[in-house]
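For the sequence shown, this note's numbering gives the first residue as 3, with consecutive numbering after it. Glycine included, C-beta positions come from ideal geometry on N, C-alpha and C. Computed from a predicted model, the values in this text were never measured in an experiment. I have placed the structure first, in the form of structure tokens, so that the comments after it can refer back to it.
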Amino acid sequence: MRIIKKKNEKSLIREFLQIFKREIDKKKKSKRRLSFVLTGGSSPINLYKKLAESNIDWSNIDLFWGDERFVSNKSKNSNFKMANDLFIKKVKIKKRSLFYINTKRKDINQCSLEYQNKIKKYFKNRKISFDICLLGMGNDGHIASIFPNTNIFKKRFIVSSVDRQDFKRITIGLKIINNSKRIFLWLSKKSKTSIFKKLQFKGKEIPVNNLNKKKLFCFLIN
Numbered sequence: 003m004r005i006i007k008k009k010n011e012k013s014l015i016r017e018f019l020q021i022f023k024r025e026i027d028k029k030k031k032s033k034r035r036l037s038f039v040l041t042g043g044s045s046p047i048n049l050y051k052k053l054a055e056s057n058i059d060w061s062n063i064d065l066f067w068g069d070e071r072f073v074s075n076k077s078k079n080s081n082f083k084m085a086n087d088l089f090i091k092k093v094k095i096k097k098r099s100l101f102y103i104n105t106k107r108k109d110i111n112q113c114s115l116e117y118q119n120k121i122k123k124y125f126k127n128r129k130i131s132f133d134i135c136l137l138g139m140g141n142d143g144h145i146a147s148i149f150p151n152t153n154i155f156k157k158r159f160i161v162s163s164v165d166r167q168d169f170k171r172i173t174i175g176l177k178i179i180n181n182s183k184r185i186f187l188w189l190s191k192k193s194k195t196s197i198f199k200k201l202q203f204k205g206k207e208i209p210v211n212n213l214n215k216k217k218l219f220c221f222l223i224n
């Protein structure tokens, strides 16, 4: 696991952008597209704002979502809407590069299957392996919509629906996350860093503790 510590979020974002741009340059040199999985929640808000301002060529980047609440993509609770409002609609990126989770269907399982098929089609007959998977972390150690003490936590799947009291959700699986070439765990608040350190002692029952350490970049505030 690579630990990246900074004194404030501004410095952490600057470091993220340097690493992100290096990954983009690598892909351009190899003449391949970069697949970037976005996260929801409040943690990436300032990061997304900075992405909108940064000098990044988005023409070679495809965006995916790690999870989504089963709400309209115009809802304030939509992960798509948050990313779209904060940076996507402010940068030059084509619609065909946006692989978001379509929540217009009435059946959440159909919605999950549709997103799974999008991912399969994108990778064709190759192993599903996103280039960068950006994750936040809940106070209980959940990542994407993979929560502790749930049936799907240890199951192998590409995409699944999740039944929660607050919102029904759709999420990619832990195996798919760990298949990513780079996993960026974004803990941009001191409180999140503190919780993360405490959760490390609780073992494999916590989703965040099951991330592939060889691929994990952990962004922390000192």
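Same chain, Cβ closer than 8 Å to residue i, neighbours up to 5 away in sequence not counted
| i | result |
| --- | --- |
| residue 206 | 212 |
| residue 73 | 79, 80, 105 and 169 |
| residue 217 | 180, 182, 183, 184 and 185 |
| residue 94 | 60 and 61 |
| residue 119 | none |
| residue 17 | 6, 8 and 221 |
Residue i classed as buried or exposed, judged by whether at least 16 other C-beta atoms fall within 10 angstroms
| i | result |
| --- | --- |
| residue 80 | buried |
| residue 59 | exposed |
| residue 171 | buried |
| residue 84 | buried |
| residue 3 | exposed |
| residue 44 | exposed |
| residue 198 | buried |
| residue 133 | buried |
| residue 37 | buried |
Three-state secondary structure (DSSP) of residue i
| i | result |
| --- | --- |
| residue 128 | coil |
| residue 152 | coil |
| residue 173 | strand |
| residue 193 | helix |
| residue 120 | helix |
| residue 166 | coil |
| residue 89 | coil |
| residue 18 | helix |
| residue 203 | helix |
| residue 101 | strand |
| residue 58 | coil |
| residue 84 | helix |
| residue 109 | coil |
| residue 10 | coil |
| residue 79 | coil |
| residue 208 | coil |
| residue 48 | helix |
| residue 114 | helix |
| residue 96 | coil |
Own chain partners of residue i with C-beta closer than 7 Å, once the 5 adjacent residues on each side are dropped
| i | result |
| --- | --- |
| residue 150 | 142, 143, 144, 207, 208 and 209 |
| residue 201 | 143, 208, 210 and 211 |
| residue 15 | 48, 49 and 52 |
DSSP beta-bridge partners of residue i
| i | result |
| --- | --- |
| residue 64 | 37 |
| residue 184 | 134 |
| residue 220 | 5 and 187 |
| residue 69 | 173 |
| residue 145 | 148 |
| residue 161 | 174 |
Neighbourhood of residue i by C-beta, 6 Å cutoff - its chain only, sequence neighbours within 5 removed
| i | result |
| --- | --- |
| residue 164 | 147, 171 and 173 |
| residue 9 | 224 |
| residue 70 | 81, 103 and 172 |
| residue 92 | 54 |
Chain C within 8 Å of residue i, Cβ atoms only
| i | result |
| --- | --- |
| residue 104 | In the structure shown, chain C cannot be found, because there is only a single protein chain. |
Q) Are the region 185-194 and the region 120-128 in contact at 8 Å, needing three or more beta carbon pairs? A) no
(Q) Counting beta carbon pairs with one atom in the region 149-164 and one in the region 172-183, are three or more of them shorter than 8 Å? (A) yes
Q. Does the region 61-69 come within contact of the region 97-104, defined as at least 3 CB pairs closer than 8 Å?
A. yes
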